[in-house]
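One structure is given below, encoded as structure tokens.
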Amino acid sequence: EAEVAQSPRYKITEKSQAVAFWCDPISGHATLYWYRQILGQGPELLVQFQDESVVDDSQLPKDRFSAERLKGVDSTLKIQPAELGDSAMYLCASRPAGTSGSGGELFFGEGSRLTVL
Amino acid sequence: QKEVEQDPGPLSVPEGAIVSLNCTYSNSAFQYFMWYRQYSRKGPELLMYTYSSGNKEDGRFTAQVDKSSKYISLFIRDSQPSDSATYLCAMSAEYKLSFGAGTTVTVRA
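Chains as they are written, first to last, in this note's numbering: chain F, 7 to 123; chain B, 2 to 110.
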């Protein structure tokens, strides 16, 4: 069964360090999302891509966060410098082409859990 | 005030009980309503999906949407220990999906 792949699963870093997360969506899925989920809260959208283009990054803290999806396939989310408040689960999700305007299913990866010390 | 409000619980019930979960929302533009299940240390997975108002049943799960009251519910009948998870409501208008905080449910054997 096709899955959204994410790495690393766990990352511990010290504040002010740089950290990067990688996501490979399900093959053929044009829309890719990065969500942040703080413990005890629901996922919050950081950035949405349609192919290689950013559709929505209004909630991305652009002074320290960046995201790219250069070839419209896999994606990288970077944090530099990391802060204590960035400790969270970073979830990647994808959706098939043609469903972005509807409420169709998002397929989530298992997430990357970040701990900033 | 958040767009989607969900009581985080936690909720603990004995095996076989009916679990009742709900969310309220403020954005009247929401048209698609979903329930995701999230096991510990895993990503969410879609459980139920409803368009507009009405009921939808899938096995032991029933989802209800009342757009006039801006209120959605999920019922789990004959709950099993394997149903122990966090249940997230989610809703969307156009492309953006907004999640509730999630309700953690424990079904005791």
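Glycine is no exception: its CB is placed at the ideal position from the N, C-alpha and C atoms.
Own chain, CB closer than 8 angstroms to residue i, minus 5 neighbours either side, in chain order
i: Leu12 (chain B); result: Val20, Leu22, Thr104, Thr105, Val106, Thr107
i: Ala26 (chain F); result: Thr82, Leu83, Lys84, Ile85
i: Arg5 (chain F); result: Chain F is shown from 7 up to 123; residue 5 (chain F) falls before or after that span and cannot be answered.
Within chain B, the residues that residue i reaches when beta carbons sit closer than 9 angstroms
i: Leu112 (chain F); result: Met35, Tyr37, Pro45, Leu47, Ala91, Leu98
i: Gly78 (chain F); result: Result: empty, since nearest Cβ-Cβ is about 17 angstroms, beyond 9 angstroms.
i: Leu97 (chain F); result: Gly44, Pro45
Contacts of residue i in chain B (Cβ-Cβ under 8 angstroms)
i: Phe61 (chain F); result: Here the sequence assigns Val to residue 61 (chain F), which means Phe is not the residue at that position. In chain order: Tyr96.
i: Glu116 (chain F); result: Arg42, Lys43, Gly44
Neighbourhood of residue i by C-beta distance below 7 angstroms, restricted to the same chain and skipping five residues each side
i: Val61 (chain F); result: Gln54, Phe55
i: Ala18 (chain B); result: Ser80
i: Tyr41 (chain F); result: Pro49, Glu50, Leu51, Leu52, Leu97, Ala99
i: Arg61 (chain B); result: Ile77, Arg78, Asp79
i: Gln65 (chain B); result: Asn56, Ile73, Ser74
Per-residue contacts from residue i into chain B (C-beta, under 7 angstroms)
i: Gln47 (chain F); result: Ala102
i: Glu5 (chain F); result: The requested residue 5 (chain F) does not occur in the structure, where chain F is confined to residues 7 to 123.
Neighbourhood of residue i by C-beta distance below 6 angstroms, restricted to the same chain and skipping five residues each side
i: Ala100 (chain B); result: Going by the sequence as given, residue 100 (chain B) is Phe instead of Ala. For Phe100 (chain B), where only same-chain residues beyond five positions count, the Cβ hits under 6 angstroms are Leu89, Ala91.
Could you name each continuous beta strand (DSSP E) segment of 3 residues or more that falls completely within the stretch 56-81 of chain B, going from the start of the chain to the end? Note on the stretch 56-81 of chain B: whole beta strand (DSSP E) runs with a minimum of 3 residues are 62-67, 72-77, in chain order.
Kindly confirm or deny that the stretch 74-84 of chain F and the stretch 47-57 of chain F touch, where touching means at least three C-beta pairs closer than 8 angstroms. Verdict: yes, contact present.
Please determine if the stretch 113-123 of chain F and the stretch 32-50 of chain B are in contact, where contact requires at least 3 C-beta pairs separated by less than 8 angstroms. Here the stretch 113-123 of chain F makes contact with the stretch 32-50 of chain B; the two share three or more CB pairs at distances below 8 angstroms.
Pair every Cβ in the stretch 44-55 of chain B with every Cβ in the stretch 81-92 of chain F, then say whether three or more of these pairs are closer than 8 angstroms. Because the criterion of three Cβ pairs below 8 angstroms is not met, the stretch 44-55 of chain B and the stretch 81-92 of chain F do not touch.
Under 8 angstroms, CB to CB, which of the residues in the stretch 49-78 of chain B have a partner in chain F? For the stretch 49-78 of chain B, the beta-carbon criterion of a distance under 8 angstroms to any beta-carbon of chain F is satisfied by Tyr50, Tyr52.
So if I threshold CB-CB distances at 9 angstroms, which residues from the stretch 5-16 of chain B count as touching chain F? Flagged, chain order: Val5, Gln7, Pro9.
My parser needs the alpha helix (DSSP H) runs of 4 or more residues fully inside the stretch 86-110 of chain B; what are they? DSSP runs (the alpha helix (DSSP H)) wholly in the stretch 86-110 of chain B: none.
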